[in-house]
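Below is one structure, written out as structure tokens; the observations come after it.
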Amino acid sequence: MLRLGRLDTLPSNIDAFIDENAAGMAALYGPQAAAAYRLTARKAIHRAIAHPAVDAVAVADGPDTAGLALAMVRGDVGRLSFVHVLARYADRGVEQRLVEEVVRTLRAGGVAGIVSEYVPFCRLNLEDTYAELGFVPVKRRLMGAELNAPPLGASARSESRACNEAGARELGAVIADAYVDHPGRLLHAEVRDIDSATEFVQSVFEGAFGRVRPGYIRAIERDGAAAAMIAGCEVAPEVGFVLQVAVKQDWQGQGLGSALVRELGGRFREAGLARMALGVTASSPAVSLYARLGFETIRPVTAYAWWRDA
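Residues in the sequence shown are numbered from 159 upward in steps of one, following our numbering.
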């Protein structure tokens with residue numbers, strides 16, 4: 159019988175979860191990414207489950223774990239960042255029970271909103287569950303490009319400067335301004351005000367999303383202040399990821415975002431990376447910009463958001 163509960167240590171069958179997620183990493187970023195994941199996954203998952211701020215919800219089948227969900231609260235926003243159901247438990251309602259329990263717990267804790275955003279490496283059937291719980295779906299695309307292929311492979315005159323942590327608030331102000339009327343506000347709480355955006359930038363500098371080398375966080379200045387910014391990190395061997403691109407409203411439509419993507423691509427290439435990836439809302443005009451830069455859709459992803467005051 160399947161039983162819902164919590165985990166405070168690694169599942170006894172953790173290797174099955176690692177194997178299935180490594181296969182997903184290989185499909186997404188290549189065999190080197192899968193190999194690197196296998197080396198670090200056990201420790202990373204254990205650290206996440208043991209973290210006092212993380213709610214590790216599991217469905218057990220005797221001594222084994224059939225499915226696992228990880229959620230946490232940052233500020234006043236709940237974030238569901240991982241859901242995986244082992245293949246042999248597919249179509250048995252495991253993912254529905256996991257998500258319902260996570261959402262119930264977060265709402266009971268009084269969060270202002272809940273964002274569910276992750277790239278699943280298993281078959282999940284959650285569209286109806288999220289709809290019944292009052293979530294809004296946000297269609298996203300994970301896109302990627304080869305750094306040595308045109309147009310990213312072409313050299314370009316540098317317009318931007320590398321930034322350091324002392325400039326985090328200036329970069330946060332760029333993000334907050336860019337997202338005033340942007341549909342991305344629905345999904346990303348960190349863009350809603352300067353303080354939240356600054357905290358996000360600081361977390362990027364600290365390596366919260368992946369390795370950050372000097373030059374991976376950049377800005378273009380206009381009239382003596384940052385008008386546009388980009389932040390990236392390394393998410394897998396040979397793969398750089400664009401975490402955020404933002405252009406202040408007064409400077410949009412002038413090619414600053416495109417210039418920043420090219421220049422970050424150059425920094426990735428100098429670091430020996432071969433590919434560049436990013437996530438974007440499917441309805442965003444930025445999709446066509448990225449396509450012109452050589453990005454292609456790797457896979458579609460649906461994120462979900464719920465806000466108490468919506």
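Where a beta carbon is used, it is the ideal one built from N, C-alpha and C, also for glycine.
Residue span of the beta strand (DSSP E) that contains Y462, given as start and end: For Y462, the enclosing beta strand (DSSP E) covers residues 454 to 465.
Cross-strand partners of F556 (DSSP beta bridge): Residue 556 lies beyond the range of the chain shown here (159 to 468); nothing can be said about it.
Assigned secondary structure, H204 (DSSP; H/G/I helix, E/B strand, else coil): In this structure, H204 counts as helix in the three-state DSSP scheme.
Under the three-state DSSP convention, the category D173 falls into: Here D173 sits in helix by DSSP.
Short Cβ contact (8 angstroms threshold) for V243 with G220: No.
Residues of its chain near V231, where Cβ-Cβ distance is below 8 angstroms and the 5 sequence neighbours each way are ignored: Sequence-distant partners of V231 (beyond 5 residues in either direction) whose C-beta falls short of 8 angstroms from its own C-beta, in its chain, are A211, R237, L264, G267, V269.
Reference I352, options L447, Y276, A307, R327, closest by Cα: Ranking the options by Cα distance to I352, first place goes to R327.
Beta-carbon spacing of G437, L300 below 8 angstroms: Less than 8 angstroms divides the Cβ of G437 from the Cβ of L300.
Residues that K297 bridges to, as DSSP identifies them: Answer by DSSP bridge pairing, in chain order: T460.
Inter-stretch contact at 8 angstroms, needing at least 3 Cβ pairs: the region 301 to 320 / the region 444 to 458: As far as the Cβ criterion goes, the region 301 to 320 touches the region 444 to 458, which means the pair count is three or higher.
Rounded Cβ spacing between V235 and E253 (contact assumed at less than 8 angstroms): Between the beta-carbon of V235 and that of E253 there is about 22 angstroms, and that puts the pair past the 8 angstroms contact cut.
Paired residues, beta bridge with H242 - DSSP: BP columns for H242 point to L226.
Terminal residues of the beta strand (DSSP E) in which L160 lies: Counting along the chain, L160 sits inside the beta strand (DSSP E) bounded by residues 160 to 164.
Residues that DSSP places opposite S274 in a beta bridge: Per DSSP, L238, Y462.
Spatial distance of G365 from A245 (CA atoms): Within the model, the alpha-carbon separation for G365 versus A245 is close to 32 angstroms.
Candidates V359, A206, R250, I456: closest to G188 by CA position: Nearest option by C-alpha distance: I456.
Contact set for L431: own chain, Cβ-Cβ below 8 angstroms, skip 5 residues either direction: So the qualifying residues of the chain are L305, E392, E396, V397, G398.
Pair within 8 angstroms by beta-carbon distance, I375 and A417: No, Cβ-Cβ distance for I375 and A417 is not below 8 angstroms.
Reference N283; option with closest CA among P308, P309, R255: Taking only the C-alpha atoms, the option nearest N283 is R255.
Contact the region 354 to 374 vs the region 327 to 343: 3+ CB pairs below 8 angstroms: Segment contact: the region 354 to 374 against the region 327 to 343, three or more CB-CB distances shorter than 8 angstroms; contact assigned.
Rounded straight-line distance, which links the Cα of R164 to that of G382: Computed Cα separation, rounded: 52 angstroms.
Rounded distance between the beta-carbons of V257 and T287, thought under 8 angstroms: Indeed they touch by this definition, with Cβ atoms about 6 angstroms apart.
Under 8 angstroms between C-beta atoms of M183 and A394: At the C-beta level, M183 and A394 come within 8 angstroms of one another.
Cut-off 8 angstroms between Cβ atoms - residues of its own chain near R371, not counting five sequence neighbours on either side: Excluding positions up to five away in sequence, the list reads E392, R425, A429.
Endpoints, beta strand (DSSP E) assigned at E379: Segment 375 to 380, the beta strand (DSSP E) holding E379.
Cβ neighbours of I207 in the same chain (closer than 7 angstroms, five flanking residues each side left out): The residues are L165, D166, T167, L168, A214.
Nearest-angstrom beta carbon gap, L310 and R200 [assumed within contact, 8 angstroms]: About 35 angstroms; that fails the 8 angstroms criterion.
Three-state secondary structure (DSSP) of D335: Under the three-state reduction of DSSP output, D335 falls in the helix class.
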